[in-house]
Amino acid sequence: MQEYKKICEKLSANRQKSAKDLAQKVEDELEFLKMKGTKFLVEIVPNVANDNTKEYFNTGHEKAKFKASLNKGAFDDINKIASGGELSRFMLAMKVALMNVKTIPTIIFDEIDTGISGRTSDAVGKRMKALATKAQILAVTHQPQIASKADNHYKIAKIDDGKKVSTKIKQLNSPEKIEEIARMLSGENISPQAIE
């Protein structure tokens, strides 16, 4: 019991320091991702068992909760106050902030571009490109600003033959990449400016 308490105290001190460092790094990333003024808080809260009888936890005496303040409001759970696009950018900011500490080998972003466009999409694409130096990134996107920063491109299409719907995936070569990104920019009628 004494050894557990000693370890928990050391862990708690490290968590308090790391919480402030992580919050600052995430806020810096959020500013780059066009969420200037957003505040991020890593709240260290006590671990409590549902029946209040458990004394030992494999994570120590406490756990971390992530909260944010949008538009100069009060701090609240991120999932309660953020839109889909904001949630995606919070996740990306967290991954980039932690990429030099620990990362997983493959990260999948499914439509991280929800609710964003233009300059914000470009910023998201740049951060995903930076993250790709530490992990393999797979991204489903409709934004040319994001797609243009990828090393490899795949086109996914649904095919309906009247009996069933199937999905086709094709890796694009260099000319096909240019054509597909140009189509994303200008629609079905690809303009010379989009190709350029």
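Per the working numbering, the very first residue in the sequence shown carries number 2; after that it's consecutive. Beta carbons: idealized from backbone N, C-alpha and C, even for Gly.
Option in Glu-32, Ala-158, Gln-172 with minimal Cα separation from Val-166: Measuring from the Cα of Val-166, the nearest candidate turns out to be Ala-158.
In its own chain, which residues sit with a C-beta less than 7 angstroms from the C-beta of Ala-136, not counting the 5 before and 5 after it? Within the same chain, Cβ atoms closer than 7 angstroms to the Cβ of Ala-136 are found at Thr-104, Ile-105, Pro-106, Thr-107, Ile-108, the five residues on either side in sequence being excluded.
- Message: Just verifying my parser: in three-state terms, what is the DSSP assignment at Pro-106?
- Response: Residue state, collapsed to three classes: coil.
Endpoints, the alpha helix (DSSP H) within which Glu-56 is located
Counted as a single uninterrupted DSSP element, the stretch harbouring Glu-56 is not any alpha helix (DSSP H), since DSSP gives it neither H nor E.
Tell me, please, whether the segment 23 to 41 touches the segment 59 to 72 by the rule of three or more beta-carbon pairs shorter than 8 angstroms. Verdict: yes, contact present.
Q.
Restricting to runs no shorter than 4 residues, where is the alpha helix (DSSP H) found entirely within the segment 166 to 193?
A. Listed in chain order, the complete alpha helix (DSSP H) runs (minimum 4 residues) inside the segment 166 to 193 are 175 to 187.
On the DSSP letters alone, give me the boundaries of the alpha helix (DSSP H) that Ala-136 sits inside. Counting along the chain, no alpha helix (DSSP H) covers Ala-136, and no H or E run does either.
| request: Would you give the residue range spanned by the beta strand (DSSP E) that Asp-161 belongs to? | output: First-last of the beta strand (DSSP E) with Asp-161: 155 to 161.
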